[in-house]
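Residue 54 in the UniProt record's numbering sits at position 54 of the sequence shown, with consecutive numbering throughout.
The beta carbon of each residue, even a glycine, is placed where N, CA and C say it ideally should be.
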Amino acid sequence: MIVAKNAPFRRNLSVSPIMVPATDEPSYVAVGPLPNGVTSFGVVNSYPVYIRLLGTSMGDETPNDAGEGLGWLFPPGHFGIYSTQFPAGVSAIAVERPGFPIHDEEGALLYPEAALELFYGSGA
Numbered sequence: 001m002i003v004a005k006n007a008p009f010r011r012n013l014s015v016s017p018i019m020v021p022a023t024d025e026p027s028y029v030a031v032g033p034l035p036n037g038v039t040s041f042g043v044v045n046s047y048p049v050y051i052r053l054l055g056t057s058m059g060d061e062t063p064n065d066a067g068e069g070l071g072w073l074f075p076p077g078h079f080g081i082y083s084t085q086f087p088a089g090v091s092a093i094a095v096e097r098p099g100f101p102i103h104d105e106e107g108a109l110l111y112p113e114a115a116l117e118l119f120y121g122s123g124a
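Printed below as a string of structure tokens:
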């Protein structure tokens, strides 16, 4: 029998889920200080586009903008739990990948409502 040393993830209900817009321009959403006991975050990409996410550390004067090659890359349909680095804010951007365009033939954004959903809690 394998005994895990980590507790299962439990969402902290005092922190509302954060929707981080992901269009063809980087967005920025302030996260602010997280409550004591928060150690991890969950992320869901419900859209059929790849999305990059980049945090800005507490105390940084200038927010970081997500971009190609910067931050975490979440594929379409992704769900995962990760350790948090306690960001002051987060930035997201949709990025093209083969078979996963972000614009149509006329250049219009295919998913203008695309966003990553982040939720904070504890555990793994």
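Strand pairing of residue i, partner residues [DSSP]
i	result
Ser57	Pro87
Asn45	Leu116
His103	Leu109
Gly121	Arg11, Ser40
Val31	Answer by DSSP bridge pairing: none, since Val31 is not bridged.
Pro21	Ala115
Gly80	Val43
Ala94	Ile51
Gly67	Leu70
Same chain, Cβ closer than 7 Å to residue i, five either side skipped, listed in chain order
i	result
Leu109	Thr23, Asp24, Ile102, His103
Phe86	Leu34, Met58
Test item: CB-CB of residue i and residue j under 8 Å
i	j	result
Val49	Ala114	yes
Asn12	Ser122	yes
Cutoff 6 Å; reference residue i; Cβ partners in own chain excluding five residues on either side
i	result
Pro26	Asp65, Ala66, Ser91, Ile93
Selection from the options that minimises the alpha carbon distance to residue i
i	options	result
Pro75	Arg10, Leu34, Tyr82, Val43	Val43
Phe100	Glu61, Asn12, Ala88, Ile51	Ile51
Gly55	Leu70, Asn45, Ser46	Leu70
Leu73	Leu116, Glu106, Gly89, Gly32	Leu116
Sequence-distant residues of the same chain with beta carbon closer than 8 Å to residue i, five excluded per side
i	result
Ala7	Ser122, Gly123, Ala124
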